[in-house]
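The sequence shown begins at 4 in the working numbering and counts up one residue at a time. Virtual Cβ for every residue (Gly too), placed ideally from N, Cα, C. Predicted model, so just to flag it, every value in this text is computed and none were measured.
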Amino acid sequence: MEMKCIIIDDENHSRNQIEELIALTPGVSHQKSFDDAYGALTYLHQQNHIDIVFLDIEMPKINGIDAAKLLRPYCDFLIFVTGHSHYGPQSFEIGVDGYLLKPVSEIKFIRQIQRLLEIKSQELPLKNPDNFLLIKGGSKHKYVNVKLDEILYIRSMSNYVRIFQTDEQHTTYHTLKRVEEALQDRTEFLRINRSEIISFYHVKQVDGYQIMLNNGEKFMVSRSYKEKFDEFLRGRLPGPGVR
């Protein structure tokens, strides 16, 4: 397993140090570096996903605290790399996965990556082509059996997902991308934006790009998912020539 990384830091020597540490550490590979968050957001919007973002905090244009909220939907893990220790409490409030102080210790960097690799190895859902999904529970050896036909929708909640069923909810430490992969053989599930997957078993009506479930909840298809959504609908319309 190898996790792909990007670096966001306005200081050239800091970017170089993290790049060198990535090169020395098994299990990670460097994809690209940026001197501000806007360039990284443009890149991630095109790529759609990255495993790890290493992010400085004190930067011009947009600081790391604010940038983290924008970057979160695109990555599995977000690590702050900063010369200031006082941001620690604030950073963990927004759900970052690690906090490394500059200059970054090689040992601490490797330990951080090893911890993320361990999480990554445990997070992949166990799937069954029939009618259930086993997801990782709160403890090391706990799994929850989720019936697929009872799933209304699945929502990304920062670094975990919440599965909403007809009569209960389950929270698990997976990324939405991993859950989507586990459901790829099930034709009723469709991702409609960066944070939600819905089940068409429970859709009452579609009005343009607004979807309403049988329980009255409404969802919007985002611009980047509209083409896929249109293809999904066209493939299920009855009879030839129907639009």
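To the nearest angstrom, how far is the alpha carbon of Ser32 from that of Val107?
Against the sequence shown, residue 32 aligns to sequence position 29. Against the sequence shown, residue 107 aligns to sequence position 104. The alpha-carbon atoms of Ser32 and Val107 are separated by roughly 17 Å.
Terminal residues of the alpha helix (DSSP H) in which Gln20 lies
Counting from one through the sequence shown, the residue named residue 20 turns up at place 17. Counting along the chain, the alpha helix (DSSP H) containing Gln20 begins and ends at 15-27.
Between which two residues does the alpha helix (DSSP H) containing Leu47 stretch?
As a position in the sequence shown, residue 47 is number 44, starting the count at 1. Going by DSSP, Leu47 is part of the alpha helix (DSSP H) stretching over 40-50.
Cβ of Asp152 within 7 Å of any heavy atom in the ligand PLP?
Only the bare structure without any ligand can be found here, which leaves the ligand PLP out of the picture.
I'd like to know whether the C-beta atoms of Ser198 and Glu191 end up nearer to each other than 8 Å.
Looking up residue 198 in the sequence shown gives position 195. Looking up residue 191 in the sequence shown gives position 188. No; because the gap between Cβ atoms is not below 8 Å, this pair is not in contact.
What span of residues does the alpha helix (DSSP H) with Glu230 cover, start to end?
The sequence position of residue 230 within the sequence shown is 227, counting from 1. Taken as a continuous stretch (DSSP letters only), the alpha helix (DSSP H) holding Glu230 covers 229-237.
Using the rule of at least 16 other Cβ atoms within 10 Å of the residue's Cβ for burial, across every protein chain shown, is Gln115 buried or exposed?
Counting from 1 along the sequence shown, the entry for residue 115 is found at position 112. Gln115 counts as buried, since no fewer than 16 other beta carbons sit within 10 angstroms of its beta carbon.
According to DSSP, simplified to helix, strand and coil, what is Ile122?
Along the sequence shown, one-based indexing puts residue 122 at 119. In the three-state DSSP reduction, Ile122 falls in the helix class (H, G or I).
Where Leu186 sits in the DSSP three-state scheme
Walking along the sequence shown from the start, residue 186 turns up at place 183. Here Leu186 sits in coil by DSSP.
Going by DSSP, what residues sit across from Phe192 in a beta bridge?
Taking the sequence shown and counting its residues from 1, the one referred to as residue 192 is at position 189. Bridge partners of Phe192: Ser202.
When the Cα atoms are used, what is the spatial distance from Met62 to Glu153?
Taking the first residue of the sequence shown as position 1, residue 62 is located at position 59. Taking the first residue of the sequence shown as position 1, residue 153 is located at position 150. Cα-Cα distance, rounded: 46 Å.
Between the Cα of Thr85 and the Cα atoms of Asn148, Glu109, Asp59, Ser36, which residue gives the shortest distance?
Walking along the sequence shown from the start, residue 85 turns up at place 82. Distances from the alpha-carbon of Thr85 to those of Asn148, Glu109, Asp59, Ser36 put Asp59 closest.
Determine the DSSP secondary structure at Asp54, reduced to helix, strand or coil.
Within the sequence shown, the letter at position 51 stands for residue 54. Strand.
Does the Cβ of Thr175 have 16 or more other Cβ atoms within 10 Å, making it buried, or fewer, making it exposed?
In the sequence shown, residue 175 corresponds to position 172, counting from 1. Thr175 should be labelled buried.
Excluding sequence positions up to five away, which residues of its chain have a Cβ less than 6 Å from the Cβ of Leu120?
Stepping through the sequence shown from its first residue, residue 120 is reached at position 117. Counting only Cβ-Cβ distances below 6 Å, and skipping sequence neighbours, we find Gly30.
Range covered by the alpha helix (DSSP H) that runs through Leu240:
The sequence position of residue 240 within the sequence shown is 237, counting from 1. From DSSP, Leu240 is part of no alpha helix (DSSP H); its letter is neither H nor E.
In terms of DSSP beta bridges, what is Ile166 paired with?
Reading the sequence shown from its first residue, position 163 is the one you call residue 166. Paired residues: Ile157, His173.
Extent of the continuous beta strand (DSSP E) to which Leu151 belongs
By 1-based counting over the sequence shown, the position of residue 151 is 148. Taken as a continuous stretch (DSSP letters only), Leu151 belongs to no beta strand (DSSP E), as it is neither H nor E.
Contact check, Ala185 vs Leu136 under 8 Å by CB: the rounded distance?
In the sequence shown, residue 185 corresponds to position 182, counting from 1. In the sequence shown, residue 136 corresponds to position 133, counting from 1. Going by Cβ atoms, the distance from Ala185 to Leu136 rounds to 6 Å, so yes, they are a contact pair.
From which residue to which residue does the beta strand (DSSP E) around Ile65 run?
Residue mapping note: residue 65 aligns to position 62 of the sequence shown, counting from 1. Counting along the chain, Ile65 falls outside any beta strand (DSSP E), and DSSP gives it neither H nor E.
Leaving out five residues on either side along the sequence, give the residues of the same chain with a beta carbon under 8 Å from the beta carbon of Asn131.
Taking the sequence shown and counting its residues from 1, one reaches residue 131 at position 128. In this prediction, Asn131 has a pLDDT of 48, which is less than 50 and means its spatial position is unreliable; what the coordinates show is noted afterwards. The residues are Leu137.
I need the straight-line Cα distance from Glu23 to Ser17, nearest angstrom please.
Within the sequence shown, numbered from 1, the residue matching residue 23 stands at position 20. Within the sequence shown, numbered from 1, the residue matching residue 17 stands at position 14. In a straight line, the C-alpha of Glu23 is about 10 Å away from that of Ser17.
Buried or exposed, going by whether 16 or more other CB atoms sit within 10 Å of the CB of Leu129?
On the sequence shown, residue 129 is found 126 positions in, with the first residue counted as 1. Low local confidence applies: a pLDDT of 48 at Leu129 is under 50, so the model's placement there is unreliable, with the coordinate-based value given in what follows. By the neighbour-count rule (16 or more Cβ atoms within 10 Å), Leu129 is not buried but exposed.
Straight-line gap, Gln187 to Asn134 (C-alpha atoms, nearest Å)
In the sequence shown, the residue the question calls residue 187 occupies position 184. In the sequence shown, the residue the question calls residue 134 occupies position 131. Cα to Cα, Gln187 sits roughly 13 Å from Asn134.
Nonlocal neighbours in the same chain, by C-beta distance under 8 Å from Cys8, ignoring five residues either side
To locate residue 8, count along the sequence shown from 1; it is residue 5. Around Cys8: Ile25, Val31, Ser32, His33, Gln34, Ile53, Asp54, Ile55, Val56, Phe57.
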